[in-house]
Amino acid sequence: MEIGLAVGGAFLSSALNVLFERLAPQGELLKMFQRQKHDFHLLEKLRRTLCGFRAVLSDAENKQASNSYVTQWLNELRDAVENAENLMEEINYEVLRVKVEGLHQNHAETSNQQVSDLNLCLSDEFFLNIKEKLEGTTKTLEELEKQIGRLGLKDYLVSGKQETRVPSTSLVDESDIFGRQNEIETLVDHLLSVDADGKTYSVIPIVGMAGVGKTTLAKAVYNNEKVKDHFDLTAWFCVSEPYDASRITKGLLE
Numbered sequence: 265m266e267i268g269l270a271v272g273g274a275f276l277s278s279a280l281n282v283l284f285e286r287l288a289p290q291g292e293l294l295k296m297f298q299r300q301k302h303d304f305h306l307l308e309k310l311r312r313t314l315c316g317f318r319a320v321l322s323d324a325e326n327k328q329a330s331n332s333y334v335t336q337w338l339n340e341l342r343d344a345v346e347n348a349e350n351l352m353e354e355i356n357y358e359v360l361r362v363k364v365e366g367l368h369q370n371h372a373e374t375s376n377q378q379v380s381d382l383n384l385c386l387s388d389e390f391f392l393n394i395k396e397k398l399e400g401t402t403k404t405l406e407e408l409e410k411q412i413g414r415l416g417l418k419d420y421l422v423s424g425k426q427e428t429r430v431p432s433t434s435l436v437d438e439s440d441i442f443g444r445q446n447e448i449e450t451l452v453d454h455l456l457s458v459d460a461d462g463k464t465y466s467v468i469p470i471v472g473m474a475g476v477g478k479t480t481l482a483k484a485v486y487n488n489e490k491v492k493d494h495f496d497l498t499a500w501f502c503v504s505e506p507y508d509a510s511r512i513t514k515g516l517l518e
């Protein structure tokens, strides 16, 4: 079940990778800002800031289960990254809108004429609006970046070290699962059910963004009385990174 924690981190990592692609130094977005002599350095600043998060994300995912401050930090980072993604989408939409209008205008003049760079220029009003939003999002990310050292998050991309996920236990705090009873019952039903061929489920993944309670939910299911009565033998094991099949097998046998 602990695999779900790693999968949740993959979503934030994927979002960061998408932003890096869109903010590439030779990318169309940066070129457009440069061509129109707007504050393209804001995009470069945003990209540099995001780079620091990608380096410590894995360590943060490892520690968030046992550190509520890291959990809160990840939640705030997720929100800030989503805001950055929304900004990129807003810019892309405006570019497409202007391009379509330019195509219609040029088609009316001559069918052989291509859309000119002039027709692709975005309004100063739009750029001013985007600039304000970029500054706000970047400021939030910079504040989160300042907390990396205080939270003790390590940069594994620089050190080259292999991180090991902090092992969790099967013990669950009842106060952490308030309002999750429907989800628990659904998972228990899946776990104990059989399909038309009489086969039971071998794997039930729990996925989601960091900090939403995937591990807590897994613990609640693991400790459910129906589950305990149904299975003769159960085991809780933390699958860490790097993946080691021998260690997992040995741990389960022990």
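Numbering (my numbering), first residue to last: 265 to 518.
Every residue gets a Cβ at the ideal spot worked out from N, C-alpha and C, and that includes glycine.
- The continuous stretches of alpha helix (DSSP H) do not include residue 502, and DSSP gives it neither H nor E.
- Annotation for residue 468: no alpha helix (DSSP H) segment contains it, and DSSP assigns it neither H nor E.
- Pairing residue 332 with residue 321, the inter-Cα distance amounts to about 15 Å.
- Residue 334 is classed as buried because its beta carbon has at least 16 other beta carbons within 10 Å across all chains shown.
- With respect to the 8 Å criterion, residue 345 and residue 455 are not classified as neighbours on the basis of their beta carbons.
- Counting along the chain, residue 324 sits inside the alpha helix (DSSP H) bounded by residues 305 to 327.
- Just so you know, the alpha carbons of residue 354 and residue 457 end up roughly 45 Å apart.
- A residue is called buried once 16 or more other Cβ atoms fall within 10 Å of its Cβ, and residue 325 is buried on that count.
- The C-alpha of residue 409 lies about 30 Å from the C-alpha of residue 481.
- In the three-state reduction of the DSSP assignment, residue 492 falls in the helix class.
- Residue 328 and residue 314 do not touch by the CB rule: their CB atoms are close to 19 Å apart, not below 8 Å.
- Secondary structure of residue 416 (DSSP, three-state): coil.
- Within 10 angstroms of the beta-carbon of residue 310 lie 16 or more other beta-carbons, which makes it buried.
- Under the three-state reduction of DSSP, residue 387 is assigned to coil, being neither helix nor strand.
- Separation of the CB atoms of residue 402 and residue 347 is rounded to 10 Å, and the pair is thereby denied contact status at 8 Å.
- Here residue 351 is not near residue 412, since their CB atoms are 8 Å or more apart.
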